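Visitor: Following this note's numbering, the numbering of the sequence shown begins with 2 at its first residue and continues without gaps.
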Amino acid sequence: MHTIKKYRISVLLLLILILLLNCKEHENLYIIDTLDLKSNIFKNTRKVRVLLPPDYYQSKSIHYPVLYLNDGVLVFHAYEIKKVVHDLINSKTIEPIIVVGIDNGASTVESKNPLRDRAMEYLPWADEFETNPEAKIDNPKGKLYPDFITKEVMPLINSKFRTKKGAKNTGLGGSSRGALISLYTVLEKPNHFNKLLLESPSLYVSNQKILENSSSKKIWPNKVYIGIGTEEGETDEIKKMAVKDAENLKSIILKNSSNTKLDYLLDKGGEHNFEYFSKRFPKALEFLYGTE
């Protein structure tokens, strides 16, 4: 009886050990570092999530290009970034990259009103169509975002990881208002980014002011991806306007920068949410970082 009991205990311990090893293997499958960033520009503290390529620790001499994405905590989960990026790298569909997810204002330690705090950082101008009093802001601080990215986020990442520096190795992207502020940042810091990822950008804000600003810019990233769905809005008028704005941006870029390669994805039936953003994300990465 004692022998059987000892055997069962041994088997149980072995199973626990196997489970622990499997968990450890799963953790190591995706190499993610999480940093705390205290911003002097926005006077708040947030998480910055860093997904490293699979071979990052195999060689200490290799440096990697970096893609910065807004709405960090959201895109890291909704986009399944860990699996998508590593699968594309392992299949040699894209080059090895570092992906940095920057949490938005709603995810900061100091946030008291998530809707308002996200909008505060992502809007360069007031959104005249915002009807929710909890989220409506007359004087947003989005114009500070380009400095936040280039003077606080990028120096932090460059100091902690083996990054390839310079515009040709740096990309920026986001969705919805996160895409709007990405576009605004690239326009304000034209020599810092060579790749731009825009998922369903909120181009309507302040009477399409971002399109007006874009029309006068001659320096654009080498590669720009724009994704938009045909069902983004509550009315047919809004849906058509979202597509028209995206097409106008495409035309502006191609007219002003003959060297820019642009991929425009019109998603039939696509709605304005992370489900559709995430479905298009792999194609965006293939275009921006493809090996062919």
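For each residue, glycine too, the CB sits at the ideal point set by N, CA and C. Please read these numbers as outputs of a predicted model, since none were measured by experiment.
With Arg163 as the anchor, note down where its alpha helix (DSSP H) starts and where it stops.
Guide: On the sequence shown, residue 163 is found 162 positions in, with the first residue counted as 1. It is not in any alpha helix (DSSP H) - Arg163 carries neither H nor E in the DSSP assignment.
Visitor: Taking the straight line between their C-alpha atoms, what separation do you get for Gly179 and Glu287?
Guide: On the sequence shown, position 178 is the one that residue 179 refers to. On the sequence shown, position 286 is the one that residue 287 refers to. Taking the straight line joining both Cα atoms gives about 20 Å.
Visitor: Compare the C-alpha of Gly234 against each of Ile211, Ile227, Ser201, Asp264 and name the closest.
Guide: In the sequence shown, residue 234 corresponds to position 233, counting from 1. Comparing Cα positions, the closest option is Ser201.
Visitor: Per DSSP, what are the beta-bridge partners of Val100 in this structure?
Guide: Residue mapping note: residue 100 aligns to position 99 of the sequence shown, counting from 1. Looking at the DSSP output, Val100 sits in a beta bridge with Leu52, Leu68.
Visitor: Per DSSP, Lys224 forms a beta bridge with which residues?
Guide: Taking the sequence shown and counting its residues from 1, the one referred to as residue 224 is at position 223. According to DSSP, Lys224 bridges with Lys196, Lys262.
Visitor: Can you tell which of Ile32, Phe275, Lys251, Ile33 has the C-alpha that lies nearest to the C-alpha of Lys262?
Guide: Position 261 of the sequence shown, counted from the first residue, corresponds to residue 262. Nearest option by C-alpha distance: Lys251.
Visitor: Tell me Glu272's beta-bridge partners as DSSP assigns them.
Guide: Locating residue 272 in the sequence shown gives position 271, counting from the first residue. Answer is Glu232.
Visitor: So the alpha helix (DSSP H) Ser40 belongs to, where does it begin and stop?
Guide: On the sequence shown, residue 40 is found 39 positions in, with the first residue counted as 1. Taken as a continuous stretch (DSSP letters only), Ser40 belongs to no alpha helix (DSSP H), being part of the beta strand (DSSP E) at 32-40.
Visitor: Cβ of Leu157 within 8 Å of Cβ of Leu36?
Guide: Here residue 157 is taken as the residue at index 156 of the sequence shown, counted from 1. Here residue 36 is taken as the residue at index 35 of the sequence shown, counted from 1. It is a contact, given that the beta carbons lie within the stated cut-off.
Visitor: Please confirm whether Glu232 and Lys245 have their CB atoms less than 8 Å apart.
Guide: The residue labelled residue 232 in the question sits at position 231 within the sequence shown. The residue labelled residue 245 in the question sits at position 244 within the sequence shown. Not closer than 8 Å, so no.
Visitor: Might you give, ordered along the chain, the residues of its own chain that have their beta carbon closer than 6 Å to the beta carbon of Leu116, omitting 5 neighbours on each side?
Guide: Locating residue 116 in the sequence shown gives position 115, counting from the first residue. Excluding residues within five positions, the ones whose Cβ falls inside 6 Å are Glu135, Ala136.
Visitor: Does the beta-carbon distance from Lys219 to Asn257 come in below 8 Å?
Guide: Translated into positions along the sequence shown, residue 219 becomes position 218. Translated into positions along the sequence shown, residue 257 becomes position 256. Yes.
Visitor: Leu75 to His193, Cα distance in whole Å?
Guide: Numbered from 1 along the sequence shown, position 74 holds the residue referred to as residue 75. Numbered from 1 along the sequence shown, position 192 holds the residue referred to as residue 193. Each residue's alpha carbon lies about 25 Å from the other.
Visitor: Looking at the secondary structure, which residues open and close the alpha helix (DSSP H) in which Thr186 lies?
Guide: Taking the first residue of the sequence shown as position 1, residue 186 is located at position 185. Element bounds for Thr186: 178-189.
Visitor: Starting from the Cα of Leu289, find the closest Cα among Gly228, Val110, Ser259, Ser160 and give me that residue.
Guide: Walking along the sequence shown from the start, residue 289 turns up at place 288. Measuring from the Cα of Leu289, the nearest candidate turns out to be Gly228.
Visitor: Would you kindly work out how many angstroms separate the C-alpha atoms of Ile95 and Leu70, rounded to a whole number?
Guide: As a first step, residue 95 is located in the sequence shown; it is residue number 94 there, counting from the start. As a first step, residue 70 is located in the sequence shown; it is residue number 69 there, counting from the start. Using only the alpha carbons, I get a separation of about 17 Å.
Visitor: What would DSSP say about Thr109, mapped onto helix, strand or coil?
Guide: Numbered from 1 along the sequence shown, position 108 holds the residue referred to as residue 109. Coil at Thr109, not helix or strand.
Visitor: What does the Cβ neighbour count give for Thr236, buried or exposed, with the cut at 16 atoms within 10 Å?
Guide: The residue given as residue 236 occupies position 235 in the sequence shown. It is exposed - the Cβ of Thr236 has fewer than 16 other Cβ atoms within 10 Å.
Visitor: Which residues in the same chain have their Cβ closer than 7 Å to the Cβ of Thr91, if we skip the five residues on either side of it in sequence?
Guide: In the sequence shown, the residue the question calls residue 91 occupies position 90. Strictly speaking, residue 91 in this sequence is Asn, with Thr absent from that position. Around Asn91: Pro55.
Visitor: Using the beta-carbon count (16 or more within 10 Å), is Thr292 buried or exposed?
Guide: Locating residue 292 in the sequence shown gives position 291, where the first residue counts as 1. Exposed, since its Cβ has fewer than 16 Cβ neighbours within 10 Å.
Visitor: State buried or exposed for Tyr65, treating a residue as buried only when at least 16 other CB atoms are found within 10 Å of its CB.
Guide: In the sequence shown, residue 65 corresponds to position 64, counting from 1. Residue environment for Tyr65: buried (at least 16 other C-beta atoms within 10 angstroms of its C-beta).
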